[in-house]
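Below: one structure, written as structure tokens.
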Amino acid sequence: MKFRLAASALAIATLIAACGGASNTPTPSASANACFPVKGKCPSEATALSGAGATFPAVIYSKWIDEYNRLTGVQINYQSIGSGGGIKSISDKTVDFGASDGPMTDQQLADAKAPILHIPMVMGAVVPTYNVQGVTQQLKLTPDALSGIFLGTITKWNDPKITASNGGVAMPDQAVTTVHRSDGSGTTNIFTDYLSKVSADWKTKVGAGNSVNWPSGVGGKGNEGVAGSVKQTPNSIGYVELIYAIQNKLGYAQMQNASGKFVDASLDSVSKAAQGIALAPDLRVSITNSANADAYPISGFTWILAYQEMPDQAKALALTRYLWWSVTDGQAFTKDLGYAPLPTEVAGKAQEKIRSITSGGTPVLPKG
994 MKFRLAASAL AIATLIAACG GASNTPTPSA SANACFPVKG KCPSEATALS
1044 GAGATFPAVI YSKWIDEYNR LTGVQINYQS IGSGGGIKSI SDKTVDFGAS
1094 DGPMTDQQLA DAKAPILHIP MVMGAVVPTY NVQGVTQQLK LTPDALSGIF
1144 LGTITKWNDP KITASNGGVA MPDQAVTTVH RSDGSGTTNI FTDYLSKVSA
1194 DWKTKVGAGN SVNWPSGVGG KGNEGVAGSV KQTPNSIGYV ELIYAIQNKL
1244 GYAQMQNASG KFVDASLDSV SKAAQGIALA PDLRVSITNS ANADAYPISG
1294 FTWILAYQEM PDQAKALALT RYLWWSVTDG QAFTKDLGYA PLPTEVAGKA
1344 QEKIRSITSG GTPVLPKG
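In structure tokens:
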């Protein structure tokens, strides 16, 4: 009998230790001590999370979710419905986290039902992708040409503002069809933020945002919708995340940057766009039209939107573990999928934001 009682006591003590303490509802810090760094399953975390938002990072997020599930067993359901949908979902508290390529506005943050953090995850490029009959060479576009095309002031592919930077390319005397996102989109935010910086007319007449009133053109839902429309429409041009252009085998243009240099979208040129930037305390920042001579000008961060305070301790632990893994070990998967990893300084700031997530007023991550 004594042996059985001792064995039972040992089993109970082992179970208590695994759960982070003697309480049936361990504090976040107690649970976290046994679950960081992220090396495998955590017994006290939730086994499922839900998120929604940006299509821009959908490829890398899908990879991370699969790899993280293999490591921890946590099931993450992410719906790539566009940044506008991600902002609405997190603001309305219908998901555990949101995602956006364009930071929330001051008004959106004020209107949200709870304080929301911006945590940068990766960097990417938005490229002008085109389908011009008879043109097999990579086009070069100036800021004036690109803004003129989408403003509708440039209507033919053989317009002098296009041909001037494409010597030796026989541009057709054909009408230009523009394709834009029809849904609220952080990709649109990055693209229109860039156009607002390089064109006073665009800034005044259209402006920047997840959704704008387009002067002309046709809409497509998601990056894949725009890419599909461009591929099917002769003499069209749209804008998509770099990886979508590559996956759909669409041509995309070199862009003239702020230093007057024509630059191809690449991991290196996107990374250069973030060099030397001043990071705001809330990590909302624009890196379009960088002054760096080697930077690709239509570059941007993409953010996870997370609640500052998460009352559900199990979900708080699951989310902070996933976010921490994503901005550390998960960065190793970025380059193979066409994304630029976070610069060291930005990754450090992202980790600080993750450390600020609380449950019951207590930080979820352990100190150190």
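Our numbering runs 993 ahead of the 1-based position in the sequence shown.
A virtual CB, placed ideally from N, CA and C, is assigned to each residue, including glycine.
Quick caveat, the model's predicted, so the values are computed rather than measured.
Considering residue i, what are the terminal residues of the beta strand (DSSP E) in which it resides?
i       : result
Pro1274 : No beta strand (DSSP E) holds Pro1274; DSSP gives it neither H nor E.
Asn1124 : 1109-1124
Phe1294 : 1292-1300
Thr1170 : 1170-1174
Phe1090 : 1090-1093
Ser1043 : 1041-1046
Hey, quick one: how far does the alpha helix (DSSP H) through residue i stretch, first residue to last?
i       : result
Ala1051 : 1051-1065
Lys1196 : 1193-1198
Ala1103 : 1099-1104
Lys1154 : 1153-1156
Where residue i and residue j are concerned, what is the direct C-alpha to C-alpha distance, given to the nearest angstrom?
i       : j       : result
Ala1288 : Asn1250 : 7 Å
Ala1103 : Cys1035 : 34 Å
Ile1109 : Gln1068 : 23 Å
Ile1230 : Leu1134 : 12 Å
Gly1353 : Asp1305 : 8 Å
Ala1193 : Ser1259 : 27 Å
Val1120 : Ile1058 : 26 Å
Gln1344 : Ile1183 : 24 Å
Ser1175 : Gly1244 : 22 Å
Thr1171 : Thr1180 : 15 Å
Val1088 : Met1164 : 48 Å
Ala1271 : Gln1167 : 43 Å
Gly1221 : Asn1241 : 8 Å
Tyr1300 : Asn1159 : 48 Å
Ala1208 : Thr1148 : Contrary to the premise, residue 1208 reads as Pro rather than Ala in this sequence. C-alpha separation (whole angstroms): 12 Å.
Thr1351 : Met1303 : 6 Å
Gly1141 : Lys1265 : 26 Å
Gln1324 : Pro1050 : 13 Å
Leu1188 : Pro1030 : 42 Å
Thr1197 : His1173 : 19 Å
Asn1282 : Asn1026 : 43 Å
Asp1137 : Val1191 : 8 Å
Leu1316 : Glu1234 : 22 Å
Thr1048 : Ser1076 : 7 Å
Ser1279 : Gly1293 : 7 Å
Thr1355 : His1111 : 19 Å
Helix, strand or coil for residue i, going by three-state DSSP, please let me know.
i       : result
Asn1216 : helix
Ala1333 : strand
Val1320 : helix
Glu1234 : strand
Ile1074 : coil
Ser1262 : helix
Val1128 : coil
Ser1189 : helix
Val1211 : strand
Gln1225 : helix
Ile1280 : coil
Gln1068 : strand
Lys1242 : coil
Phe1143 : helix
Ala1325 : helix
Gly1079 : helix
Phe1184 : helix
Lys1308 : helix
Take the Cβ of residue i as the centre, count every other Cβ of all protein chains shown within 10 Å, and call the residue buried at 16 or more, exposed below.
i       : result
Asp1329 : exposed
Gly1341 : exposed
Ser1252 : exposed
Lys1346 : buried
Ser1001 : With a pLDDT of only 40 at Ser1001, under the threshold of 50, the placement of this residue in the model should not be trusted, and no figure is reported.
Arg1314 : buried
Pro1113 : buried
Asp1186 : buried
Ala1284 : exposed
Thr1295 : buried
Asn1070 : exposed
According to DSSP, what are the bridge partners of residue i?
i       : result
Lys1133 : Gln1247
Phe1255 : Gln1249
Ser1352 : Thr1355
Lys1342 : BP columns for Lys1342 are empty, so no partner.
Lys1149 : Ala1168
Output yes if chain B places a C-beta closer than 8 Å to the C-beta of residue i; else output no.
i       : result
His1111 : As a matter of chain content, chain B is missing from the structure shown, which is built from one protein chain.
Can you determine whether any heavy atom of the ligand ADP sits closer than 7 Å to the C-beta of residue i, and answer yes or no?
i       : result
Gly1354 : In the structure shown, the ligand ADP is absent, as is every other ligand, since no ligand is present at all.
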